[in-house]
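Right, one structure below, let's go through it.
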Amino acid sequence: MIDKQHITDRFIKYITIDTESDPNNPAFPSTEKQWDLAKVLAEELKQIGMQEVDLDKNCYIMATLPSNLDYEVPTIGFIAHIDTSPDFTGANVKPKIIKNYQGNDIILNKEKNIVLSPDYFEDLLQYKGQTLITTDGTTLLGADDKAGVTEIVSAMEYLIQHPEIKHGKIRICFTPDEEVGKGAHLFNVEKFGSEWAYTMDGSQIGELEYENFNAASAKVTVTGKIVHPGYAKGKMINSMLIANEYVASLPTEETPENTEGYEGFFHLHDIQGNVEQTILEYIIRDHDLDLFEKRKKLMQRIADDFNEEFNQELIHIDIKNQYFNMKEKITPVMHIIDIAEEVMLENNIKPLIKPIRGGTDGSQLSYKGLPCPNIFAGGHNFHGRFEYVPVESMLKATEVIVGIAEKIANKYA
Ligand SMILES: [Zn+2]
Numbered sequence: 001m002i003d004k005q006h007i008t009d010r011f012i013k014y015i016t017i018d019t020e021s022d023p024n025n026p027a028f029p030s031t032e033k034q035w036d037l038a039k040v041l042a043e044e045l046k047q048i049g050m051q052e053v054d055l056d057k058n059c060y061i062m063a064t065l066p067s068n069l070d071y072e073v074p075t076i077g078f079i080a081h082i083d084t085s086p087d088f089t090g091a092n093v094k095p096k097i098i099k100n101y102q103g104n105d106i107i108l109n110k111e112k113n114i115v116l117s118p119d120y121f122e123d124l125l126q127y128k129g130q131t132l133i134t135t136d137g138t139t140l141l142g143a144d145d146k147a148g149v150t151e152i153v154s155a156m157e158y159l160i161q162h163p164e165i166k167h168g169k170i171r172i173c174f175t176p177d178e179e180v181g182k183g184a185h186l187f188n189v190e191k192f193g194s195e196w197a198y199t200m201d202g203s204q205i206g207e208l209e210y211e212n213f214n215a216a217s218a219k220v221t222v223t224g225k226i227v228h229p230g231y232a233k234g235k236m237i238n239s240m241l242i243a244n245e246y247v248a249s250l251p252t253e254e255t256p257e258n259t260e261g262y263e264g265f266f267h268l269h270d271i272q273g274n275v276e277q278t279i280l281e282y283i284i285r286d287h288d289l290d291l292f293e294k295r296k297k298l299m300q301r302i303a304d305d306f307n308e309e310f311n312q313e314l315i316h317i318d319i320k321n322q323y324f325n326m327k328e329k330i331t332p333v334m335h336i337i338d339i340a341e342e343v344m345l346e347n348n349i350k351p352l353i354k355p356i357r358g359g360t361d362g363s364q365l366s367y368k369g370l371p372c373p374n375i376f377a378g379g380h381n382f383h384g385r386f387e388y389v390p391v392e393s394m395l396k397a398t399e400v401i402v403g404i405a406e407k408i409a410n411k412y413a
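Numbering (full-length UniProt numbering), first residue to last: 1 to 413.
What follows is the structure in C-alpha cells.
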C-alpha cells in the first residue's frame with residue numbers, strides 16, 4: 001500500500017533534525033531548534049498538497065485535508081509532537097537499518113560495547129523478519145514522536161494521491177514541547193476545529209489508550225524547632241525525624257516500584273531538610289477519581305493527626321492537581337475508540353487497550369474540549385539509546401489513519 005522505502009526515508013529525514021526540548025526554559029517553544037523541523041514540515045505539507053498550512057508563532061503547525069464527500073461527516077484530527085525528550089541527547093542521530101531481523105543481538109556500537117539484545121528487550125522477538133531502525137547507541141532515536149509525524153504526513157499524502165478513497169475533512173497538528181509537558185498548553189482547540197482527534201504517540205503496534213492517571217503534586221513542609229542540643233530536652237523538634245515518621249505513615253507498598261496496571265501510588269521524589277525545616281515533595285497518581293481524592297485526603301489527615309498531637313501546625317501540606325484521567329471525557333463518546341479498534345482489527349492488528357501510567361497531551365486536550373485518545377506510533381524503549389522502531393509498524397499506523405478516515409466517511413454515508 002504505502003512504499004516502505006519512502007516512509008523510511010521520510011522518518012530518517014525527521015530524526016536527523018535535532019529537536020530536543022528544554023524543561024528549564026519557559027519560552028515557547030522551549031528550544032529554537034524545534035523551528036528547524038517545523039519549517040521543513042510546513043514546506044513538505046504544502047508540497048504534498050495539504051491546504052491551510054499554518055505554522056504559528058508558538059511553533060504549532062496545523063493543516064487541512066479537505067473533504068472529498070458530498071455529504072457532511074464529523075471533522076477529525078491527527079496530532080503528533082515534533083520535540084524529543086531532554087532525558088537523552090537527540091543531536092547527531094545516526095540511525096542503523098536492520099533488514100530482515102532474525103531475533104539476534106544487535107550491536108549498536110562496537111567501540112562502546114552497546115548491544116540491543118532480545119535477552120533484555122523481549123519485544124524485539126515479535127519483529128522477526130521485519131526492518132528495524134535503531135540508534136548507534138550514542139543518542140535516542142526520536143521515534144517518539146517522529147514516527148507519529150511520519151505516519152500522519154504519509155497518510156495525508158496517500159489520501160491525496162488516492163482520491164478514490166472517500167473521507168471527510170481532516171485536520172492535522174504537530175506540536176512543540178510535548179516532552180516537557182507543554183504540548184497542549186498553547187494548542188488552539190477552536191482553531192483546530194475538529195470534533196475529536198487522535199494523538200499518534202503510543203508505543204508498540206496495537207496500542208490504543210484512553211485512560212491515564214489523575215495526577216497531583218504534594219509539598220509537605222515540616223517545621224521544627226532548633227535548640228542547643230545540650231539543653232534540648234522537651235524543647236527541640238527535629239523536623240527531619242517528624243518527616244521520617246510522616247513518610248512511614250503512608251502506605252509503604254503503594255509506591256511506583258510496587259504497583260502496576262490500575263494501581264495508584266504515592267511517590268516521594270525529593271527531600272530537603274535540616275532540624276528547623278524539612279520539605280518532602282510527592283506526586284500522587286491514581287486512575288480512579290475516588291481513590292485519587294482519598295489519597296489526597298489521607299496525606300492531609302496524617303498531617304492533621306501530627307498537628308493535633310503536637311498542638312501546633314507542625315506539618316503544612318500544599319496539594320496541587322496536575323491533570324485528570326481523560327476517560328471521563330472519552331466514555332461519553334466511546335464510538336471514537338470503537339472506530340479505531342475496528343480499523344485495527346480490519347488491518348490484522350491486535351488492539352492493545354491498556355491504561356497509561358502517566359499523562360498525555362491528549363488528556364489535557366480532552367479537558368480543553370477535544371476528546372483525544374492515543375494510538376500507537378510503533379516505537380519501543382523511548383527516551384534512550386535503545387529506542388527502535390520497526391518500519392512495518394509505521395506502515396500499519398499509517399494504514400490505521402487512512403482506515404479511520406475511510407470508516408468515518410462510510411459510517412455517516
Ligand atoms: Zn511522545
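Cβ atoms here follow ideal geometry from the backbone N, Cα and C, with glycine treated the same way.
Since the structure is predicted, the reported quantities are computational estimates derived from the model, not experimental observations.
- Look at the segment 317-385 and you find these whole runs of alpha helix (DSSP H), each 4 residues long or longer: 327-330, 335-346 and 361-367.
- Bridge pairing for W196: I76 [DSSP].
- Pairing G77 with F192 gives a Cβ-Cβ distance under 7 Å.
- DSSP, read as helix, strand or coil, puts M236 in coil.
- In the DSSP assignment, H269 falls within the unbroken beta strand (DSSP E) covering F265 to G273.
- When only Cα atoms are considered, K46 and E399 end up about 22 Å apart.
- Here L291 is exposed: its Cβ has fewer than 16 other Cβ atoms, across all protein chains shown, within 10 Å.
- Across the structure, H167 and E293 are spaced so that their CA atoms are roughly 43 Å apart.
- C-alpha of A215 to C-alpha of F266: approximately 10 Å in a straight line.
- These are the residues, in chain order, with a beta carbon less than 7 Å from any non-hydrogen atom of ligand 1: H81, D144, D145, E178, E179, D201 and F382.
- DSSP places E387 in the coil class of the three-state scheme, outside both helix and strand.
- Assigned with DSSP and collapsed to three states, F28 falls in coil, not helix or strand.
- By the Cβ-count criterion, Q51 is exposed, with fewer than 16 other Cβ atoms from all chains shown falling within 10 Å of its own Cβ.
- One thing to note: E179 has its Cβ within 7 Å of the Cβ of S85.
- Looking from the CA of G181, the closest CA among P371, P355 and P26 belongs to P26.
- The three-state secondary structure of D288, taken from DSSP, is coil.
- Cβ contact annotation for N58 (same chain, cutoff 6 Å, sequence separation greater than five): F28 and L186, in chain order.
- The residues S154, Y158, L395 and T398, in chain order, have a CB closer than 7 Å to that of I2 in the same chain once the five nearest residues on each side in sequence are set aside.
- Under the three-state reduction of DSSP, E281 is assigned to strand.
- Annotated three-state conformation of Q51 is strand, per DSSP.
- CA-CA distance, V389 to N104, rounds to 16 Å.
- Per DSSP, reduced to three states, the secondary structure at E254 is coil, with no helix or strand assignment.
- The beta carbon of F382 lies closer than 8 Å to those of S85, L140, A143, D144 and S203 in the same chain, with the five residues before and after it left out.
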